[in-house]
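Asker: One structure is given below, represented as structure tokens, and several questions about it will come after.
Number of protein chains: 2
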Amino acid sequence: MKNVQTLIHGKNIIPMDKQEQTLVDFSIAIQDGRILDILPSADAQKNYSCDSSYNYGHHIIIPGLINTHTHAAMSLFRGLANDLPLMEWLQNHVWPAEKKWANDDFVKAGTQLAIAEMLRGGIKFFNDMYFFAETTARVAAEAGIRAHIGMILLDFPTPYAQDPNQYIAKGLAIHDQYKLHPLVKCTFAPHAPYTISNAPLERVAMLANELELPVHIHLHETEDEIAKSLEQYQMRPLQRLHKLDLVNSALIAVHMTQLQEDEIYLLAETKANVVHCPESNLKLASGFCPVQQLIDKNINVALGTDSCASNDDLDMFSEIHTAALLAKGIAQNATALPAYQALRCATINAAVALGIDKETGSLEKGKSADITIIDIDSLEAQPIYDPVGHLVYATQRHQVSDVWVAGKQLLHNGQLKTLDKDEILSQTREWNNKIINSTAVN
Amino acid sequence: MKNVQTLIHGKNIIPMDKQEQTLVDFSIAIQDGRILDILPSADAQKNYSCDSSYNYGHHIIIPGLINTHTHAAMSLFRGLANDLPLMEWLQNHVWPAEKKWANDDFVKAGTQLAIAEMLRGGIKFFNDMYFFAETTARVAAEAGIRAHIGMILLDFPTPYAQDPNQYIAKGLAIHDQYKLHPLVKCTFAPHAPYTISNAPLERVAMLANELELPVHIHLHETEDEIAKSLEQYQMRPLQRLHKLDLVNSALIAVHMTQLQEDEIYLLAETKANVVHCPESNLKLASGFCPVQQLIDKNINVALGTDSCASNDDLDMFSEIHTAALLAKGIAQNATALPAYQALRCATINAAVALGIDKETGSLEKGKSADITIIDIDSLEAQPIYDPVGHLVYATQRHQVSDVWVAGKQLLHNGQLKTLDKDEILSQTREWNNKIINSTAVN
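Each protein sequence line maps, in turn, to chains A and B. Using our numbering, the letters of the first sequence correspond one by one to residues 1 to 442. Using our numbering, the letters of the second sequence correspond one by one to residues 443 to 884.
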């Protein structure tokens, strides 16, 4: 009998592996933050002793969910301005509010709120893009959550940086600081084609290739973006990025509405990754990402919440649900984005997009023990016929009981283990009052 | 100082009245199940003493939500068959399952589960359509929830009735039994144009007019329904119902996708009511209801969850959220179905559709004290800039703490007061096992 640090027994385990199986009454053995074994619980009892054991007798166990596109700190702007189109929302509400408020303290408080919300909702990994990214990185590392921190880049000056060179320099400093960190890593995060000129984008393409890092960018978010690009560059944004050598398997292209046949073909050919943000796209009336068409062409599709300011939550259960529903409506086909595929978009597909599917994204031997546990004992969760369908169509995030990242328990029975909930609530309320009382925003 | 039975103090009260106001630090005085007064809490303390008082110091208070289209008993089929189009889903899964399982016991257990789920989610009133409707009525009356019970009608025989005459006779018997009941009432509920021939529909039109009851019907759910109607009757379903004298202010037309300009004009002219079921329409890829276009023509639009078998929950917070998002996407306009309008669809508009807006649907003096209380103290609910937007875009049903119907508290701190949660869980699990173990369904 071999001793392991942790043994987790689960009624239903959906590992999101290639076999697409659901394992009933299985156990996960964890050693040094990794999955040493997944085996029938009866065998686990014979083969393993352990330091700590956890029994999830009526639960569903999945790989931790991945939020592949967010701006965590903007949680302090949750619901700041509703029922407005993208450019009006950005220019008249979000950008002025950011100009006034965004600083290190804001990013610290907002990111702590976001991470607390994400962990409580079963998210163990987020791909971020925001100013003062060194603070985002530090807060994520302290909380023990997995994070990819965007090295943000814009042409125009903000309180964070003055010009493209300064944005890039600040980003690379964060990359240097975290390149050996086990959970926090950097990606290039040029904001969008409409906010960056060619020269800085060329530099990103070169650096990303050199450092082998992903490039996380808003792309084809609205019809207006396409029209303006045609006017200014005589080509559509995707085509422009392609000319700038950015369309390849390192690309994490967020939104991707308004896609033409030839563009879908290009994405497939180049193995670029698409992040679908259905709730943000709906709320801002940005357009529809043709998810089923992309999947039909074997394009890797992941899911993101976008920020709390356009969603208004960081709830991947809701995002998976909305994605699965909306794909059917848009494809006019009720078999589009079936439940298992939708769940892939929030787990293994996301890990592929972020370039770390060898490390995480599914529950398999050797991978990091990144695990989310869902309690399905409540009245609203009954009856259950198919655990996968149930997760997608009938589960809400407050049913998440536990979250583990790299073998460490960050959430237990809905309680945060590495973050101080009361402190987060109190500092959030302070920011809330400050922003409400300012006339500049309203 | 006047004594009242109950005094409720609320931090934010959104009465959904004509002034579209949000009342801060107000109180509701309740006497004999009705709202006697709504006034600033400071004045309430001076003017009223009370038998019981409730202090909701950090909550949002709204009129109880109304689910304007459901088949409550089908909660036992939650997630029975996913990722299938309407006719395959009905013919190969739902109808065979109903043929095998639907009986009085099934309807009792399913309706209890549904009412428990609805009350815990802030729904105080549901408009139902299902077999064995006398059982639905009894269970609703026992639970103290408000319900409109559909007198279901089909051409074809089911375990409930053999022919249209028997369906109608059974329905009218329920109507006779409950016509003086304060909370449970009957509506005519012919299933759909494609399941009922002209003669029984003509009889419904006549009876509904005579008894002054609403007519609740699935209408224009799918493109296929329209095509078949054109083939069989040489007219579209709405046009056919119009010829049969059913299109008027008593009509509760559920789904209403595939609408032409002239049909929208007809709905507006006749003051017919539309029930939008966005999640069910998406899941079955049925098509899109043009909500904003209807509202632009002053057509009364309410919201429904449809059954748990196509949703897979009875969650009006989720339905309001999805409706508000989807309307923007479909209208390609981020100002479509703004938050307050979306909330109207689940409260006062629903009461108008059901013909009892003088009794309920908003918090106003003289109306029934039907009240839902939402706790917004959790981390995920911070910060808050606009209570109405917050309810629509950032609130989940598990935040509902209390529900009152006609001055009686049915939910307190998330605990059901008139239903036995453990008994419902246990009988639901029995049905779950029975249905899973049967090969006939799978």
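Where is the CB? At the ideal position from N, CA and C, for every residue including glycine.
I'd like to check one pair, V400(A) with R120(A): are the Cβ atoms closer than 8 Å?
Answerer: Position 120 of the first sequence, counted from the first residue, corresponds to residue 120(A). Position 400 of the first sequence, counted from the first residue, corresponds to residue 400(A). Cβ atoms of R120(A) and V400(A): closer than 8 Å.
Asker: Roughly how many angstroms lie between the CA atoms of I14(A) and H216(A), to the nearest whole one?
Answerer: The sequence position of residue 14(A) within the first sequence is 14, counting from 1. The sequence position of residue 216(A) within the first sequence is 216, counting from 1. So the two alpha carbons sit approximately 29 Å from each other.
Asker: Classify H181(A) as helix, strand or coil using the three-state DSSP reduction.
Answerer: Locating residue 181(A) in the first sequence gives position 181, where the first residue counts as 1. H181(A) falls in the coil class under three-state DSSP.
Asker: Whole angstroms is fine: what's the gap from A902(B)'s alpha carbon to T577(B)'s?
Answerer: Coverage of chain B is limited to positions 443 through 884, which leaves residue 902(B) absent and any answer about it impossible.
Asker: Buried or exposed for H500(B), please, with buried defined as at least 16 other CB atoms from any protein chain shown within 10 angstroms of its CB.
Answerer: Numbered from 1 along the second sequence, position 58 holds the residue referred to as residue 500(B). Under this definition H500(B) is an exposed residue.
Asker: Determine the DSSP secondary structure at R138(A), reduced to helix, strand or coil.
Answerer: Stepping through the first sequence from its first residue, residue 138(A) is reached at position 138. When secondary structure is reduced to three states using DSSP, R138(A) falls in the helix class.
Asker: For H697(B), return the contacting residues in chain A, with the cut-off set at a CB-CB distance below 8 Å.
Answerer: Numbered from 1 along the second sequence, position 255 holds the residue referred to as residue 697(B). The contacting residues do not exist; H697(B) stays about 13 Å from chain A at best.
Asker: Around the C-beta of A882(B), are 16 or more other C-beta atoms found within 10 angstroms, so that it is buried, or is it exposed?
Answerer: To locate residue 882(B), count along the second sequence from 1; it is residue 440. Because A882(B) sits at a pLDDT of 44, beneath the cut-off of 50, its placement in the model cannot be relied upon, and the following sentence gives the value as read from the coordinates. By the neighbour-count rule (16 or more Cβ atoms within 10 Å), A882(B) is not buried but exposed.
Asker: Suppose the cutoff is 7 Å on Cβ atoms and the five residues either side in sequence are ignored; what does the same chain contact list for D315(A) look like?
Answerer: Numbered from 1 along the first sequence, position 315 holds the residue referred to as residue 315(A). So the qualifying residues of the chain are G121, T305, R397.
Asker: Could you pull the DSSP bridge partners for L416(A) from this structure?
Answerer: Translated into positions along the first sequence, residue 416(A) becomes position 416. L416(A) pairs with L411(A).
Asker: Against chain B, with Cβ distances strictly below 8 Å, would A440(A) count as a contact?
Answerer: Within the first sequence, numbered from 1, the residue matching residue 440(A) stands at position 440. Note that A440(A) has pLDDT 45, beneath the 50 cutoff, so the model's placement of it is unreliable and no number is given.
Asker: For chain B, check one thing: does any of its Cβ atoms lie closer than 8 Å to the Cβ of H398(A)?
Answerer: Position 398 of the first sequence, counting from 1, holds the residue named residue 398(A). With 8 Å as the cut-off, H398(A) counts as an interface residue toward chain B.
Asker: Compile a chain-ordered list of the residues in the stretch 368 to 396 of chain A whose CB is closer than 7 Å to at least one CB of chain B.
Answerer: L379, E380, Q382, P383, I384, Y385, D386, G389, H390, Y393, A394, Q396
Asker: Tell me which same chain residues have a C-beta within less than 7 Å of the C-beta of P720(B), skipping the five on either side of it?
Answerer: Numbered from its first residue, the second sequence carries residue 720(B) at position 278. Cβ neighbours of P720(B) beyond the five flanking positions: E761, T764, A765, L768.
Asker: Using a cut-off of 8 Å between C-beta atoms, extract the partners of A781(B) located in chain A.
Answerer: Within the second sequence, the letter at position 339 stands for residue 781(B). Here the neighbours are N82, D83.
Asker: Under the DSSP definition of a beta bridge, which residues are partnered with P106(A)?
Answerer: In the first sequence, counting from the first residue as 1, residue 106(A) sits at position 106. First, the residue type needs correcting, since residue 106(A) is Phe and not Pro in the sequence shown. Answer is none; F106(A) lacks a bridge partner.
Asker: Any beta carbon from chain A within less than 8 Å of R645(B)'s own beta carbon?
Answerer: Your numbering for residue 645(B) matches position 203 in the second sequence. No, its Cβ sits nowhere closer than 8 Å to a Cβ of chain A.
Asker: Just curious, the beta strand (DSSP E) that T814(B) is in, first and last residue?
Answerer: Against the second sequence, residue 814(B) aligns to sequence position 372. That run of the beta strand (DSSP E) goes 813 to 817.
Asker: In terms of DSSP beta bridges, what is D37(A) paired with?
Answerer: In the first sequence, residue 37(A) corresponds to position 37, counting from 1. In the DSSP output, where bridge partners are listed per residue, D37(A) has A29(A).
Asker: Tell me the rounded alpha-carbon separation between P601(B) and D370(A).
Answerer: Here residue 601(B) refers to the residue found at position 159 of the second sequence. Here residue 370(A) refers to the residue found at position 370 of the first sequence. Going by the C-alpha atoms only, they are around 50 Å apart.
Asker: So is L90(A) in contact with chain B if we call contact Cβ pairs under 8 Å?
Answerer: Along the first sequence, one-based indexing puts residue 90(A) at 90. No, no contact with chain B.
Asker: Compute the distance between the beta-carbons of S728(B) and E663(B), then report whether it is under 8 Å.
Answerer: Numbered from 1 along the second sequence, position 286 holds the residue referred to as residue 728(B). Numbered from 1 along the second sequence, position 221 holds the residue referred to as residue 663(B). Yes, they are a contact pair.
Asker: Could you list the residues in the stretch 789 to 812 of chain B with a C-beta less than 7 Å from some C-beta on chain A, going in chain order?
Answerer: Of all residues in the stretch 789 to 812 of chain B, none has a Cβ within less than 7 Å of some Cβ in chain A.
Asker: So for C731(B), helix, strand or coil by DSSP?
Answerer: The residue you call residue 731(B) lines up with position 289 of the second sequence. Correct three-state label for C731(B): coil.
Asker: Is the distance from the Cβ of D862(B) to the Cβ of L853(B) below 8 Å?
Answerer: The count along the second sequence starts at 1 and reaches residue 862(B) at position 420. The count along the second sequence starts at 1 and reaches residue 853(B) at position 411. Against a cut-off of 8 Å, the Cβ pair of L853(B) and D862(B) comes out as no contact.
Asker: Around the C-beta of N875(B), are 16 or more other C-beta atoms found within 10 angstroms, so that it is buried, or is it exposed?
Answerer: Counting from one through the second sequence, the residue named residue 875(B) turns up at place 433. That one is exposed.
Asker: Would you say the stretch 729 to 743 of chain B touches the stretch 339 to 351 of chain A, given that touching needs at least three Cβ pairs under 8 Å?
Answerer: No, the stretch 729 to 743 of chain B is not in contact with the stretch 339 to 351 of chain A.
Asker: Whose Cβ in chain A lies nearer than 8 Å to the Cβ of T870(B)?
Answerer: Indexing the second sequence from 1 puts residue 870(B) at position 428. Within chain A, the residues near T870(B) are L379, Q382, P383.
Asker: For the putative contact between D570(B) and I591(B), defined by C-beta atoms under 8 Å, what is the C-beta separation to the nearest angstrom?
Answerer: Residue numbering aside, residue 570(B) sits at position 128 when the second sequence is read from its first letter. Residue numbering aside, residue 591(B) sits at position 149 when the second sequence is read from its first letter. About 6 Å; that satisfies the 8 Å criterion.
Asker: Could you tell me how far apart the beta carbons of V275(A) and H69(A) are, in whole angstroms, since I believe they sit closer than 8 Å?
Answerer: For the purposes of this step, residue 275(A) is taken as the residue at position 275 of the first sequence. For the purposes of this step, residue 69(A) is taken as the residue at position 69 of the first sequence. The pair is a contact, with the Cβ atoms about 5 Å apart (cut-off 8 Å).
Asker: Going along the stretch 302 to 319 of chain A in order, which residues come within less than 9 Å of chain B, judged by CB to CB distance?
Answerer: So the close ones are C308, N311, D312, D313, L314, D315, S318.
Asker: If contact is defined by three or more beta carbon pairs under 8 Å, each pair taking one atom from either stretch, is the stretch 526 to 546 of chain B in contact with the stretch 462 to 475 of chain B?
Answerer: no
Asker: Between Q774(B) and chain A, is the shortest Cβ-Cβ distance under 8 Å, so that the two count as touching?
Answerer: Counting from one through the second sequence, the residue named residue 774(B) turns up at place 332. Answer yes: the Cβ-Cβ gap between Q774(B) and chain A drops below 8 Å somewhere.
Asker: Hey, A350(A) and G366(A): beta-carbon distance below 8 Å or not?
Answerer: Within the first sequence, the letter at position 350 stands for residue 350(A). Within the first sequence, the letter at position 366 stands for residue 366(A). No. Outside cutoff.
Asker: Quick one: Cα of A199(A) to Cα of R240(A), how far?
Answerer: What you label residue 199(A) is simply residue 199 of the first sequence in a count that begins at 1. What you label residue 240(A) is simply residue 240 of the first sequence in a count that begins at 1. Their Cα atoms are separated by approximately 12 Å.
Asker: Using a Cβ-Cβ cutoff of 8 Å, what residues of the stretch 531 to 552 of chain B are near chain A? List them in chain order.
Answerer: W531
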